[in-house]
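Peer 1: Under the numbering used here, the very last position in the sequence shown is 1259; numbers go up by exactly one each time. Pasting a structure below so you can have a look.
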Amino acid sequence: MKILVLNGPNIGRLGTREPDVYGYATYDDLIDVCQKAASKLNVSVDVRQTDTEGRMLAWLHEATDERYPVVLNPAAWTHYSIAVRDACAALSAPLVEIHLTNVHTREEFRRMSVISPVAAGVICGLGLAGYELALQWLATVKQREPREHGGVLSLVDPSN
(Lines of atoms letter the chains of each structure in order from A and count residues from 1; the text may use other names and numbers.)
(Lines give C-alpha, C1' and ligand atoms only; values in the text may rest on other atoms or scores of the structure.)
Protein backbone atom coordinates (compact mmCIF):
# COMPACT_ATOMS: atom_id res chain seq x y z
CA MET A 1 0.00 0.00 0.00
CA LYS A 2 1.23 3.49 -0.85
CA ILE A 3 0.19 6.49 1.25
CA LEU A 4 0.73 10.10 0.20
CA VAL A 5 1.70 12.57 2.93
CA LEU A 6 0.97 16.02 1.53
CA ASN A 7 2.00 19.25 3.24
CA GLY A 8 0.90 22.75 2.34
CA PRO A 9 2.41 26.21 2.57
CA ASN A 10 5.28 26.95 4.92
CA ILE A 11 5.60 23.40 6.25
CA GLY A 12 8.96 23.21 4.49
CA ARG A 13 10.13 25.99 6.85
CA LEU A 14 9.67 23.92 10.01
CA GLY A 15 12.40 24.48 12.57
CA THR A 16 12.99 28.09 11.52
CA ARG A 17 9.45 29.45 11.10
CA GLU A 18 7.90 30.51 14.41
CA PRO A 19 9.67 27.89 16.53
CA ASP A 20 7.80 29.15 19.60
CA VAL A 21 4.60 27.91 17.88
CA TYR A 22 5.77 24.97 15.75
CA GLY A 23 8.88 23.86 17.65
CA TYR A 24 12.38 23.17 16.41
CA ALA A 25 11.71 19.94 14.52
CA THR A 26 12.57 20.43 10.85
CA TYR A 27 10.87 19.30 7.67
CA ASP A 28 13.61 16.67 7.34
CA ASP A 29 12.57 15.41 10.80
CA LEU A 30 8.97 15.19 9.57
CA ILE A 31 10.09 13.12 6.57
CA ASP A 32 12.15 10.88 8.84
CA VAL A 33 9.20 10.26 11.20
CA CYS A 34 6.99 9.31 8.25
CA GLN A 35 9.57 7.02 6.65
CA LYS A 36 10.30 5.22 9.93
CA ALA A 37 6.58 4.78 10.63
CA ALA A 38 5.98 3.46 7.11
CA SER A 39 8.81 0.97 7.49
CA LYS A 40 7.33 -0.35 10.77
CA LEU A 41 3.89 -0.57 9.16
CA ASN A 42 5.19 -2.25 5.99
CA VAL A 43 3.73 0.43 3.71
CA SER A 44 5.22 2.82 1.18
CA VAL A 45 5.07 6.53 1.91
CA ASP A 46 5.65 9.49 -0.37
CA VAL A 47 6.12 12.73 1.60
CA ARG A 48 5.69 15.97 -0.34
CA GLN A 49 5.45 19.70 0.40
CA THR A 50 4.41 22.64 -1.73
CA ASP A 51 3.66 26.31 -1.32
CA THR A 52 1.71 26.26 -4.60
CA GLU A 53 -2.01 25.46 -4.53
CA GLY A 54 -2.05 24.17 -8.12
CA ARG A 55 0.65 21.61 -7.34
CA MET A 56 -1.31 20.43 -4.28
CA LEU A 57 -4.41 20.00 -6.46
CA ALA A 58 -2.42 17.92 -8.96
CA TRP A 59 -1.19 15.66 -6.14
CA LEU A 60 -4.72 15.23 -4.77
CA HIS A 61 -5.96 14.36 -8.27
CA GLU A 62 -3.15 11.80 -8.54
CA ALA A 63 -4.26 10.31 -5.21
CA THR A 64 -7.82 10.08 -6.52
CA ASP A 65 -6.77 8.41 -9.76
CA GLU A 66 -4.43 5.94 -8.02
CA ARG A 67 -6.71 5.36 -4.97
CA TYR A 68 -3.95 6.40 -2.56
CA PRO A 69 -4.89 7.15 1.05
CA VAL A 70 -3.74 10.65 2.04
CA VAL A 71 -2.38 12.34 5.15
CA LEU A 72 -2.88 16.06 4.50
CA ASN A 73 -1.57 19.06 6.40
CA PRO A 74 -3.30 21.79 4.39
CA ALA A 75 -1.70 24.52 6.54
CA ALA A 76 -3.16 27.94 5.64
CA TRP A 77 -5.38 26.38 2.94
CA THR A 78 -7.30 24.74 5.80
CA HIS A 79 -9.34 27.86 6.34
CA TYR A 80 -10.26 29.04 2.86
CA SER A 81 -9.28 26.83 -0.09
CA ILE A 82 -12.47 25.51 -1.62
CA ALA A 83 -10.35 24.12 -4.47
CA VAL A 84 -8.33 21.94 -2.05
CA ARG A 85 -11.53 20.98 -0.21
CA ASP A 86 -13.23 19.90 -3.44
CA ALA A 87 -10.19 17.86 -4.51
CA CYS A 88 -10.24 16.17 -1.09
CA ALA A 89 -13.96 15.45 -1.42
CA ALA A 90 -13.25 13.60 -4.67
CA LEU A 91 -10.64 11.28 -3.15
CA SER A 92 -11.27 7.59 -3.70
CA ALA A 93 -9.46 6.47 -0.51
CA PRO A 94 -9.46 7.79 3.08
CA LEU A 95 -8.04 11.20 4.01
CA VAL A 96 -6.69 12.17 7.43
CA GLU A 97 -6.33 15.92 8.00
CA ILE A 98 -3.44 16.79 10.29
CA HIS A 99 -2.10 19.89 12.04
CA LEU A 100 1.05 20.14 14.13
CA THR A 101 -0.55 22.52 16.61
CA ASN A 102 -3.93 22.43 18.31
CA VAL A 103 -5.75 24.81 15.99
CA HIS A 104 -8.63 25.10 18.48
CA THR A 105 -6.40 26.87 21.03
CA ARG A 106 -5.04 29.37 18.53
CA GLU A 107 -6.46 32.44 16.81
CA GLU A 108 -10.18 32.38 16.01
CA PHE A 109 -9.63 32.26 12.24
CA ARG A 110 -7.59 29.04 12.59
CA ARG A 111 -10.46 27.16 14.22
CA MET A 112 -12.48 26.72 11.03
CA SER A 113 -11.53 24.07 8.49
CA VAL A 114 -13.11 23.66 5.08
CA ILE A 115 -11.26 20.31 4.84
CA SER A 116 -12.51 18.58 8.02
CA PRO A 117 -16.04 17.86 6.71
CA VAL A 118 -14.60 15.70 3.92
CA ALA A 119 -11.88 13.97 5.98
CA ALA A 120 -12.22 10.53 7.57
CA GLY A 121 -10.44 11.91 10.63
CA VAL A 122 -8.58 14.92 12.00
CA ILE A 123 -5.48 14.95 14.21
CA CYS A 124 -4.20 18.20 15.69
CA GLY A 125 -1.87 19.33 18.42
CA LEU A 126 0.36 16.26 18.60
CA GLY A 127 3.28 17.61 16.59
CA LEU A 128 5.14 15.13 14.40
CA ALA A 129 3.62 12.21 16.35
CA GLY A 130 0.33 13.04 14.66
CA TYR A 131 1.80 11.99 11.31
CA GLU A 132 2.77 8.60 12.72
CA LEU A 133 -0.72 8.12 14.16
CA ALA A 134 -2.35 9.06 10.85
CA LEU A 135 -0.15 6.60 8.96
CA GLN A 136 -0.86 3.89 11.51
CA TRP A 137 -4.61 4.34 11.12
CA LEU A 138 -4.48 4.40 7.32
CA ALA A 139 -2.21 1.34 7.21
CA THR A 140 -4.28 -0.77 9.58
CA VAL A 141 -7.86 0.19 8.81
CA LYS A 142 -9.75 -2.55 6.98
CA GLN A 143 -10.23 -2.04 3.28
CA ARG A 144 -13.19 0.25 3.12
CA GLU A 145 -15.13 1.87 0.38
CA PRO A 146 -15.82 5.61 0.38
CA ARG A 147 -19.48 6.57 0.34
CA GLU A 148 -21.09 9.95 0.20
CA HIS A 149 -23.35 10.46 3.19
CA GLY A 150 -24.91 13.86 3.67
CA GLY A 151 -22.06 15.60 1.87
CA VAL A 152 -19.48 14.12 4.24
CA LEU A 153 -17.23 11.22 3.32
CA SER A 154 -18.01 8.32 5.60
CA LEU A 155 -16.17 5.02 5.55
CA VAL A 156 -18.20 1.86 5.57
CA ASP A 157 -16.75 -1.57 6.19
CA PRO A 158 -18.13 -3.70 3.32
CA SER A 159 -17.98 -6.85 5.49
CA ASN A 160 -20.80 -5.51 7.69
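Beta carbons: idealized from backbone N, C-alpha and C, even for Gly.
1) State the CB to CB distance for the pair Ala1162 and Leu1190, rounded to an integer number of angstroms; the pair is presumed to be in contact (CB under 8 Å).
2) Between the C-alpha atoms of Tyr1121 and Glu1165, what's the straight-line distance to the nearest angstrom?
3) Between which two residues does the alpha helix (DSSP H) harbouring Glu1165 extend?
4) Once DSSP output is grouped into helix, strand and coil, what is the label at Arg1209?
5) Tell me which residue opens and which closes the beta strand (DSSP E) that Leu1103 is part of.
6) I think Ile1294 touches Leu1171, with their Cβ atoms under 8 Å apart; what is that distance to the nearest whole Å?
7) When DSSP builds the beta bridges, which residues end up paired with Leu1227?
8) Val1144 to Glu1231, Cα distance in whole Å?
9) How big is the Cα-Cα spacing for Pro1216 and Ser1138?
10) Hey, would you say Val1195 sits closer than 8 Å to Ala1219, going by beta carbons?
11) Buried or exposed for Ile1197, going by 16 or more other Cβ atoms inside 10 Å?
12) What would DSSP say about Ile1214, mapped onto helix, strand or coil?
13) Whose CA, out of Gly1153, Ala1175 and Arg1210, lies closest to the CA of Ala1186?
Peer 2: In short:
1) 6 Å
2) 32 Å
3) Glu1152 to Glu1165
4) helix
5) Lys1101 to Asn1106
6) Any property of residue 1294 remains undetermined from this structure, which presents the chain solely from 1100 to 1259.
7) According to DSSP, Leu1227 bridges with nothing at all.
8) 11 Å
9) 30 Å
10) yes
11) buried
12) coil
13) Gly1153
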